[in-house]
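Residue numbering for the sequence shown follows this note's numbering, beginning at 1 and increasing consecutively. Even glycine gets a Cβ: it sits at the ideal position worked out from N, Cα and C. In this text the structure is predicted, and so the values were computed from the model without any measurement.
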Amino acid sequence: MRKIPINVSKKILADVSSGIYRTPANALKEIVSNSFDADAHRVHISTNVPYFDIFTCEDDGSGITAREFEKVMDRIGSSSKREQGDISTKTSRPIIGKIGIGILAVAQICHKFSFISKKKGSKDYFHATIDLKQFEEVESEKSYKSGRGNINLGNCDIEDRLEDEVGTQSHYTKIIMEEIREDFREKLLDETNKRLFGARDSKTPAKTSDDFIQFVNAIKSKKFNEISPYDLLIWELGLLCPIEYIDDGPLPDNKVLQKEISRLRNYNFKVFVDGLEIRKPILFPTASDLKKRGPDYKIYPPISFDKAMNGSGLKFTGYIFHQRKRIQPVELQGILIRIKGVGIGSYDRSFLHYPKAEGPMFSQLSGELFVEIGLEDALNIDRNSFNETHKHYLQIRDILWEYLGSGDGVFADIRYRSKRRRESEKKKLAEIEFEEILSSIREVIGIDIKLVRSSSIINKGPYIFNKAKRRLVFYPDSFWTRNQKERLSREKIILALSAAKTVSKSVNEFEKNILKILACGK
1 MRKIPINVSK
11 KILADVSSGI
21 YRTPANALKE
31 IVSNSFDADA
41 HRVHISTNVP
51 YFDIFTCEDD
61 GSGITAREFE
71 KVMDRIGSSS
81 KREQGDISTK
91 TSRPIIGKIG
101 IGILAVAQIC
111 HKFSFISKKK
121 GSKDYFHATI
131 DLKQFEEVES
141 EKSYKSGRGN
151 INLGNCDIED
161 RLEDEVGTQS
171 HYTKIIMEEI
181 REDFREKLLD
191 ETNKRLFGAR
201 DSKTPAKTSD
211 DFIQFVNAIK
221 SKKFNEISPY
231 DLLIWELGLL
241 CPIEYIDDGP
251 LPDNKVLQKE
261 ISRLRNYNFK
271 VFVDGLEIRK
281 PILFPTASDL
291 KKRGPDYKIY
301 PPISFDKAMN
311 GSGLKFTGYI
321 FHQRKRIQPV
331 ELQGILIRIK
341 GVGIGSYDRS
351 FLHYPKAEGP
361 MFSQLSGELF
371 VEIGLEDALN
381 IDRNSFNETH
391 KHYLQIRDIL
401 WEYLGSGDGV
411 FADIRYRSKR
421 RRESEKKKLA
431 EIEFEEILSS
441 IREVIGIDIK
451 LVRSSSIINK
461 GPYIFNKAKR
471 RLVFYPDSFW
481 TRNQKERLSR
491 EKIILALSAA
501 KTVSKSVNEF
511 EKNILKILAC
521 GK
């Protein structure tokens, strides 16, 4: 065993020490992204549920050598991933990592971790152990907050040239996180009664994609403060990682998303948490009674942009989904930006600070923007937020605002569809009320009246009643007001008069029949 130094730039340390990852899922996302960049196809995360005393993350990626790991430790905050380009030559995936601080993400979860890796084609592996307490001691001194250059965080114990019995056939990276931070572990332990999925022992089959769909449907019916931290960890990881959507998700009709769905499938990248394969937990509509496309929900035409901007390119696509009821959970309301498949932060319910108040419509919208080229320079170091003055961010914001707020944009369409839906509902109500009064006529005076609404203009009044055929036809006329309720009242009166006229032999009988009909009808 030997010791190697751990060095990091003061600027990076200042940012990392402030807790750049807002949740444990955001920290684990960085580790998963490293696996993605290492051309892994499977990542297995274990939380040792229900004890949560040790976390592991293991992948089948190409691995690294002890010498490569030593270089990483010597200059945390600089990455060589993109020296050969932005696309992996082995899997044709985009390279996610750029800054080179993903290894420090574990500091948000534990006080000590081991890093074990075997390079593809190698016979042996190495095992490094890093005690993060020395990192915390440097933090407490605050000396890194001034000046430039690097600062030494201490040392890392490393054993290399360890023989793997499998020989050259295997390759992997495994991170073992020990001494889990107490505040995080206590939350996981204290709220087991809220957990949607229990522990799985070694004899229980691995959970299927159907299990994850059940998990997502259970999440929909709850508020996030009712969800256990363990379930929230799974949900957030699914949302953030470059993995596939749920089967048949996220939209009822995925034509506008077919390219993105195919891209994720072709990545052949899967993540498992305690035996459960996680997917993007997005499935619309979020209410089971919203079934009719148009009246109940709408998938808008895709957003797209592909242009160079002052020497730097920006390319993205996206979708907007609307449903007439509030989207649940509320954490799916808004717009989520993904860069190379990875979610940045959470859904922005303000739609990048949209400048106009649109009331409840905001809560009925959800969308994603998929950035293929550009915007990375606008990322803050936490990879969870943006520099909102960057030209790429501003361009995306302006395009989104125009898409939402133009004369033929999303908000205008929602208002139009809402008006049409109300008119349709009123029309249905009118038909129901007419059926009731026709039923009353049959019940009270024993005849059937055939009712017809004609669009022909005859200039002979608002209606014609054929007593012999018992046929009542309403024609376009100024007598009929535009007010639907008022028109309905007038039509019912004409209908009652016509029916009473058909069977009555005297004025007194006529009056009695009208009163009987109107008394039965609503």
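Quick check on DSSP: helix, strand or coil for Ile-76?
If DSSP states are grouped into helix, strand and coil, Ile-76 belongs with the strands.
Run the CB neighbour count on Lys-133, radius 10 Å, all protein chains shown included, and call it buried at 16 or more, exposed below.
Lys-133 is exposed by the Cβ-count criterion.
Could you pull out every residue in the same chain whose Cβ sits closer than 7 Å to the Cβ of Gly-374, ignoring the five residues on either side in sequence?
Answer for Gly-374: Ser-312, Gly-313, Leu-314, Lys-315, His-392, listed in chain order.
Can Val-216 and Pro-281 be called in contact, C-beta distance under 8 Å?
Result yes, Cβ atoms of Val-216 and Pro-281 sit closer than 8 Å.
Sorted by chain position, which residues of the same chain lie with C-beta nearer than 7 Å to Phe-184's C-beta, five sequence neighbours on each side aside?
Excluding residues within five positions, the ones whose Cβ falls inside 7 Å are Pro-24, Ile-109.
Would the beta-carbon of Ala-378 fall within 8 Å of that of Phe-370?
Going by C-beta atoms, Ala-378 is not nearer than 8 Å to Phe-370.
Do Lys-340 and His-41 count as a contact pair if the criterion is CB distance below 8 Å?
No; because the gap between Cβ atoms is not below 8 Å, this pair is not in contact.
Taking the runs of the beta strand (DSSP E) that are 3 residues or longer, which of them lie wholly in the region 464–521?
Whole beta strand (DSSP E) segments, 3+ residues: 471–474.
Specify, as a first and last residue, the run of the alpha helix (DSSP H) that Val-444 falls within.
That run of the alpha helix (DSSP H) goes 410–445.
As an exercise, report each continuous beta strand (DSSP E) stretch of at least 3 residues that is fully enclosed by the region 151–230, in chain order.
The region 151–230 contains these whole beta strand (DSSP E) runs: 172–180.
Between Gly-238 and Arg-75, what straight-line distance do the alpha-carbon atoms span, to the nearest angstrom?
One C-alpha to the other measures close to 31 Å.
Rounded to the nearest angstrom, what separates Gly-294 and Asn-225 at their Cα positions?
Cα-Cα distance, rounded: 33 Å.
Would you decide whether Phe-113 is buried or exposed? Buried here means 16 or more other CB atoms lie within 10 Å of its CB.
Result: buried.
To which residues of the same chain is Ile-414 closer than 7 Å at the C-beta, ignoring the five residues directly before and after it?
The answer, listed in chain order, is His-322, Met-361.
Exposed or buried, Arg-265, counting other C-beta atoms within 10 Å across all chains shown (16 or more means buried)?
Arg-265 should be labelled exposed.
Got a sec? Which residues, its chain only, sit under 8 Å from Asp-253 by beta carbon, not counting five neighbours each side?
These residues qualify, in order along the chain: Arg-293, Ile-299.
Out of curiosity, what's the CA-to-CA distance linking Leu-515 and Phe-434?
Cα to Cα, the separation comes out at about 16 Å.
Counting along the chain, where does the beta strand (DSSP E) carrying His-44 start and finish?
His-44 -> beta strand (DSSP E) spans 42–46.
Restricting to Cα atoms, I'd like to know which of Arg-420, Asp-59, Gly-407, Asp-190 is closest to Val-32.
Comparing Cα positions, the closest option is Asp-59.
Would you be able to state if there are at least three C-beta pairs under 8 Å between the region 471–480 and the region 442–455?
Yes, the region 442–455 is in contact with the region 471–480.
Can you tell me where the alpha helix (DSSP H) holding Val-32 begins and where it ends?
Start and end: 24–37.
With H, G and I counted as helix, E and B as strand and the rest as coil, what does DSSP make of Lys-270?
Looking at Lys-270 - three-state DSSP - the assignment turns out to be strand.
Here's the rule: buried if 16 or more other CB atoms are within 10 angstroms of the residue's CB, otherwise exposed. What is His-353?
Exposed, since its Cβ has fewer than 16 Cβ neighbours within 10 Å.
So which of Lys-356, Glu-368, Ser-346 has the shortest CA-CA distance to Ala-412?
Considering only alpha carbons, the answer is Lys-356.
Under a three-way DSSP split, which group does Leu-528 fall into?
Any question about residue 528 goes unanswered here, given that the chain covers just 1 to 522.
Using a 10 Å radius around the Cβ and a threshold of 16 neighbouring Cβ atoms, would you call Ile-513 buried or exposed?
The sequence shown places Asn at residue 513, not Ile. Buried is the call here.
With 16 as the cutoff for other CB atoms within 10 Å, does Arg-121 come out buried or exposed?
Note that residue 121 is Gly in the sequence shown, not Arg. Result: exposed.
Work out the CA separation of Val-72 and Asp-39 for me, nearest whole Å.
Answer to the nearest angstrom: the Cα atoms are 18 Å apart.
Which of the three DSSP states is assigned to Tyr-403 in this structure?
Helix at Tyr-403.
Work out the CA separation of Pro-50 and Asp-201 for me, nearest whole Å.
Interpretation of Asp-201 is limited by its pLDDT of 44, a score under 50 that renders its predicted location unreliable; no figure is taken from the coordinates.
Return the first residue and the last residue of the beta strand (DSSP E) that Lys-315 is part of.
Residues 312–323.
Measure the CB-CB distance between Ile-180 and Phe-69 and report whether it falls below 8 Å.
Result no, Cβ atoms of Ile-180 and Phe-69 do not sit closer than 8 Å.
Just the C-alpha distance for Asp-247 and Thr-286, rounded to the nearest angstrom, thanks.
Rounded to the nearest angstrom, the two C-alpha atoms are 15 Å apart.
With burial defined as no fewer than 16 other Cβ atoms inside 10 Å of the residue's Cβ, what is the status of Ile-176: buried or exposed?
Classification for Ile-176: buried.
Out of Glu-431, Pro-329, Arg-263, state which residue places its alpha-carbon closest to the alpha-carbon of Leu-283.
For Leu-283, the nearest C-alpha among the options comes from Pro-329.
How far does the beta strand (DSSP E) with Asp-306 in it reach, from first residue to last?
Unbroken beta strand (DSSP E) run through Asp-306: 303–309.
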